[in-house]
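Structure record follows, encoded as structure tokens.
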Amino acid sequence: MGPSRERGRGANLRTYLPEVFIAIWIAFGATILVLTSGRWASKAINAMDFLISSLCLMGLFFIASILYIIKNQKLEALFSENWRHILAGLILLAFSGWIDLVEVTFHVPSILHYFKHASVALSLAITTWYLSEALLDASKVLMPVHKVPLLRPSWVAAAWAALALVLVLASRPWAWETLTPPRGVEMAFDATCLLITGMMALKIALSIRRSSEPSRWLLEGGASILALSALTSAFELFNDAFRIPSVLKILGVDGTGALAFGLTIAVLSYYHWGTTSLRTPLPLQISEVEEGIQLVEKVWQQLGDLSGRVILIERSTVTPYTELLEGLARSLRKSGFALVIITRRGSYVGFRLAKLAAVTLHVSSSRAGPPRQLGPGEFEIGVEPSIMLGLLGRVQAPEDKLAVLIEDTSGLLILLGEEDTYRLVRAIIDRLIPKGSVIVMVLSPGAHEERIVNLFRGLATDIIDVTRTPPTILRTI
């Protein structure tokens with residue numbers, strides 16, 4: 096147990112590597128700031144540069160605030176690692192912005208200038224990589240709450256790029272004066288940022304064709320933001336190699352950056368307030384609870400004896416269904432079944448059902464290694480199917496009558512992937528159904544491709560649609 100426990104701790108620590116690295120890097124930068132502060136010399140402040148640097152810093156904190164809301168309210172259990180890494184990258188970018196503000200106000204040693212550029216490159220690499228991962232993951236489960244905006248992000252980016260190209264050609268780039276000497280180090284950092292943002296934009300763009308709305312709009316937005324960031328880096332590269340017109344510099348760097356910022360706010364806002372995915376359902380009002388209990392009794396009475404049944408409950412991503420599952424759990428307990436709940440860590444529904452279950456398995460994407468006991472009969476486990484099957488085999492059930500309720504099959508599809516989730520559910524069915532047990536799955540059909548939904552429909556003996564009132568039995572074999 097000792098070595099496996101150590102491996103589990105090591106795996107948990109690995110999920111914090113980006114944050115640890117950024118913390119060390121910021122501490123190193125703070126040390127440089129302190130050690131060089133004695134050599135700072137005041138200079139005449141360019142009001143425009145100071146204003147732009149201040150606005151950029153405020154904008155970064157505003158974006159970080161929206162990301163913090165998303166992390167804690169929208170997909171808290173499923174994508175917390177990705178959003179945590181993105182926030183850490185933005186903190187490093189904000190630290191770079193603060194150093195830039197110092198540069199605008201003082202003459203500073205060159206080491207601080209180069210450290211700022213290195214910090215920007217590192218923060219872009221971390222932020223853009225995990226942002227692309229988060230968007231690609233989220234795109235698999237999104238449904239619209241409001242209509243997709245008519246204005247496509249790709250149209251905005253393409254129109255701005257075309258305008259920039261026209262203005263560059265109008266300024267006759269072949270006549271630009273080469274800087275002597277050119278800013279070689281800055282050019283290297285500019286090229287690095289251009290490469291990072293360009294590659295991440297291409298990564299997201301390649302996935303757009305395979306997605307549907309609203310995911311397509313959001314992926315277009317992510318790719319467009321990164322493409323505009325790449326365009327900003329390209330103008331920075333021109334500015335460090337040539338003496339370009341000041342109007343072109345303002346348009347290419349400041350104008351493109353402002354447009355990318357506005358598009359970022361639009362994309363994140365629509366993602367959070369305009370779409371829904373696997374959010375934790377909210378508790379019902381008292382009047383709805385009373386109605387829900389009556390509906391629950393009618394539904395389960397129609398099904399009769401549940402032994403040997405595989406029940407698929409289909410719901411929309413915003414359908415309250417807590418009372419339906421609580422009624423089922425009580426019915427199963429009265430029938431002599433030992434109830435096992437498989438839920439995702441942090442789920443409100445799982446928390447309610449745990450009070451009725453003999454064993455509750457809280458699945459967490461950040462958990463690795465052996466299960467961690469949270470309380471009597473409650474365990475936090477990782478995403479390893481073998482551990483889930485092993486724990487199910489140890490549950491003591493009268494006459495081997497076990498009821499397994501997978502409270503969030505859609506969440507498991509995100510955590511485990513389609514193939515591993517299907518194999519896990521199939522293995523549970525093959526092991527327990529011959530003994531007269533019952534398996535219940537809750538799935539959000541609108542969050543997945545029809546092919547995936549049909550896979551799980553094929554496993555079920557009964558399908559119940561709870562998107563309707565009252566809940567409707569679609570099929571009973």
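Heads up: the sequence shown begins at 96 in this note's numbering, then just goes up one per residue.
Backbone N, C-alpha and C define an ideal beta-carbon position, used for all residues, glycine too.
Burial state of residue 122 (16 or more Cβ within 10 Å)
Here residue 122 refers to the residue found at position 27 when the sequence shown is read from its first residue. With fewer than 16 Cβ atoms within 10 Å of its Cβ, residue 122 is classed as exposed.
Does the beta-carbon of residue 380 have 16 or more other beta-carbons within 10 angstroms, so that it is buried, or is it exposed?
On the sequence shown, position 285 is the one that residue 380 refers to. Note on residue 380: pLDDT 38, under 50, position unreliable in the model; no value is reported.
Decide yes or no for the touch test of the region 311 to 323 against the region 351 to 363: beta carbon pairs closer than 8 Å, at least 3 of them.
yes
Identify whether residue 544 lies in helix, strand or coil by the three-state DSSP scheme.
Residue 544 sits at position 449 when you count from the first residue of the sequence shown. The answer is coil: DSSP assigns residue 544 none of H, G, I, E or B.
Nearest-angstrom Cα distance between residue 141 and residue 199?
As a working mapping, residue 141 is identified with position 46 in the sequence shown. As a working mapping, residue 199 is identified with position 104 in the sequence shown. Rounded to the nearest angstrom, the two C-alpha atoms are 7 Å apart.
Would you list the one or two residues that DSSP bridges to residue 338?
Against the sequence shown, residue 338 aligns to sequence position 243. Paired residues: 272.
DSSP state of residue 505, grouped into three classes?
In the sequence shown, the residue the question calls residue 505 occupies position 410. Three-state DSSP puts residue 505 in a helix.
Rank 468, 302, 183, 296 by C-alpha distance to the C-alpha of residue 114 and give the top, closest one.
Taking the first residue of the sequence shown as position 1, residue 114 is located at position 19. Checking every option, the nearest Cα to that of residue 114 belongs to 183.
Using the rule of at least 16 other Cβ atoms within 10 Å of the residue's Cβ for burial, across every protein chain shown, is residue 487 buried or exposed?
Looking up residue 487 in the sequence shown gives position 392. Classification of residue 487: buried, given that the 10 Å Cβ count is 16 or more.
Alpha carbon to alpha carbon, what distance is there between residue 311 and residue 366?
Within the sequence shown, the letter at position 271 stands for residue 366. Within the sequence shown, the letter at position 216 stands for residue 311. Going by the C-alpha atoms only, they are around 11 Å apart.
Could you tell me the distance, in whole angstroms, from the CA atom of residue 99 to the CA atom of residue 304?
By 1-based counting over the sequence shown, the position of residue 99 is 4. By 1-based counting over the sequence shown, the position of residue 304 is 209. Because residue 99 sits at a pLDDT of 39, beneath the cut-off of 50, its placement in the model cannot be relied upon, and the point is left open.
CA-CA distance, residue 547 and residue 144?
Reading the sequence shown from its first residue, position 452 is the one you call residue 547. Reading the sequence shown from its first residue, position 49 is the one you call residue 144. One C-alpha to the other measures close to 53 Å.
Cβ-based neighbour list, residue 474, same chain, cut-off 6 Å, excluding 5 preceding and 5 following
Along the sequence shown, read from residue 1 onward, the residue named residue 474 stands at position 379. Within the same chain, residue 474 has close Cβ partners 456, 466, 468.
Pairwise C-alpha distance: residue 472 and residue 150
Within the sequence shown, numbered from 1, the residue matching residue 150 stands at position 55. Within the sequence shown, numbered from 1, the residue matching residue 472 stands at position 377. Approximately 52 Å between the Cα atoms of the pair.
Starting from residue 467 and walking both ways along the beta strand (DSSP E), at which residues does that stretch end?
Taking the sequence shown and counting its residues from 1, the one referred to as residue 467 is at position 372. Element bounds for residue 467: 467 to 470.
Within 7 Å, strictly: CB atoms of residue 437 and residue 452
The count along the sequence shown starts at 1 and reaches residue 437 at position 342. The count along the sequence shown starts at 1 and reaches residue 452 at position 357. Not closer than 7 Å, so no.
C-alpha gap between residue 409 and residue 558, whole angstroms
For the purposes of this step, residue 409 is identified with residue 314 of the sequence shown, where counting begins at 1. For the purposes of this step, residue 558 is identified with residue 463 of the sequence shown, where counting begins at 1. Cα-Cα distance, rounded: 7 Å.
Quick check: the region 289 to 308 against the region 335 to 354, are there 3 or more CB pairs under 8 Å?
no
Could you tell me the distance, in whole angstroms, from the CA atom of residue 258 to the CA atom of residue 298?
In the sequence shown, the residue the question calls residue 258 occupies position 163. In the sequence shown, the residue the question calls residue 298 occupies position 203. Looking at the two C-alpha atoms, the distance is approximately 25 Å.
Can you pull the DSSP bridge partners for residue 483?
In the sequence shown, residue 483 corresponds to position 388, counting from 1. None, per the DSSP bridge assignment.
Output the distance between the C-alpha atoms of residue 135 and residue 120, rounded to the nearest integer angstrom.
Residue numbering aside, residue 135 sits at position 40 when the sequence shown is read from its first letter. Residue numbering aside, residue 120 sits at position 25 when the sequence shown is read from its first letter. The straight-line gap from Cα to Cα measures roughly 21 Å.
Run through DSSP, which three-state label would residue 457 get?
As a working mapping, residue 457 is identified with position 362 in the sequence shown. In the structure shown, residue 457 sits in a strand (DSSP, three-state: E or B).
By alpha-carbon positions, which one of 179, 342, 248 ends up nearest to residue 221?
Here residue 221 corresponds to residue number 126 of the sequence shown, with the count starting at 1. When each option's Cα is compared against that of residue 221, the closest is 179.
Burial state of residue 124 (16 or more Cβ within 10 Å):
One-based indexing of the sequence shown puts residue 124 at position 29. That one is buried.
With respect to the beta strand (DSSP E) encompassing residue 556, which residues constitute its N-terminal and C-terminal limits?
Translated into the one-based positions of the sequence shown, residue 556 becomes position 461. Looking at the DSSP string, residue 556 is not in any beta strand (DSSP E), and its letter there is neither H nor E.
What separation, rounded to the nearest whole angstrom, lies between the Cα atoms of residue 37 and residue 147?
Because the chain in this structure spans residues 96 to 572, residue 37 falls outside the shown range and cannot be described.
May I ask which residues mark the beginning and end of the beta strand (DSSP E) holding residue 407?
The sequence position of residue 407 within the sequence shown is 312, counting from 1. Note, residue 407: beta strand (DSSP E), 405 to 409.
Reference residue 261; option with closest CA among 347, 427, 160, 482:
Looking up residue 261 in the sequence shown gives position 166. When only C-alpha atoms are compared, the closest one is 347.
Do residue 449 and residue 434 have their C-beta atoms closer together than 7 Å?
Within the sequence shown, numbered from 1, the residue matching residue 449 stands at position 354. Within the sequence shown, numbered from 1, the residue matching residue 434 stands at position 339. Taking 7 Å as the Cβ cut-off, residue 449 and residue 434 do not qualify as a contacting pair.
CA nearest to the CA of residue 333, picked from 268, 507, 528:
Translated into positions along the sequence shown, residue 333 becomes position 238. Checking every option, the nearest Cα to that of residue 333 belongs to 268.
Close beta carbons around residue 209, own chain, < 7 Å, minus the five adjacent residues each side:
On the sequence shown, residue 209 is found 114 positions in, with the first residue counted as 1. 280.
Which two residues bound the contiguous alpha helix (DSSP H) that contains residue 434?
Start at 1 with the first residue of the sequence shown, and residue 434 comes out as number 339. No alpha helix (DSSP H) holds residue 434; the beta strand (DSSP E) holding it covers 433 to 439.
Look at the Cβ atom of residue 499, then the Cβ atom of residue 523, and state whether they are nearer than 7 Å.
Working through the sequence shown from its first residue, we reach residue 499 at position 404. Working through the sequence shown from its first residue, we reach residue 523 at position 428. Yes. Within cutoff.
If you run the structure through DSSP and keep just helix, strand and coil, what is residue 261?
For this step, residue 261 is matched to residue 166 along the sequence shown. Of the three classes helix, strand and coil, the one that applies to residue 261 here is helix, per DSSP.
Is the distance from the Cβ of residue 402 to the Cβ of residue 541 below 7 Å?
What you label residue 402 is simply residue 307 of the sequence shown in a count that begins at 1. What you label residue 541 is simply residue 446 of the sequence shown in a count that begins at 1. Taking 7 Å as the Cβ cut-off, residue 402 and residue 541 do not qualify as a contacting pair.
In angstroms with no decimal places, state the Cα-to-Cα distance between residue 535 and residue 470.
Along the sequence shown, read from residue 1 onward, the residue named residue 535 stands at position 440. Along the sequence shown, read from residue 1 onward, the residue named residue 470 stands at position 375. In a straight line, the C-alpha of residue 535 is about 24 Å away from that of residue 470.
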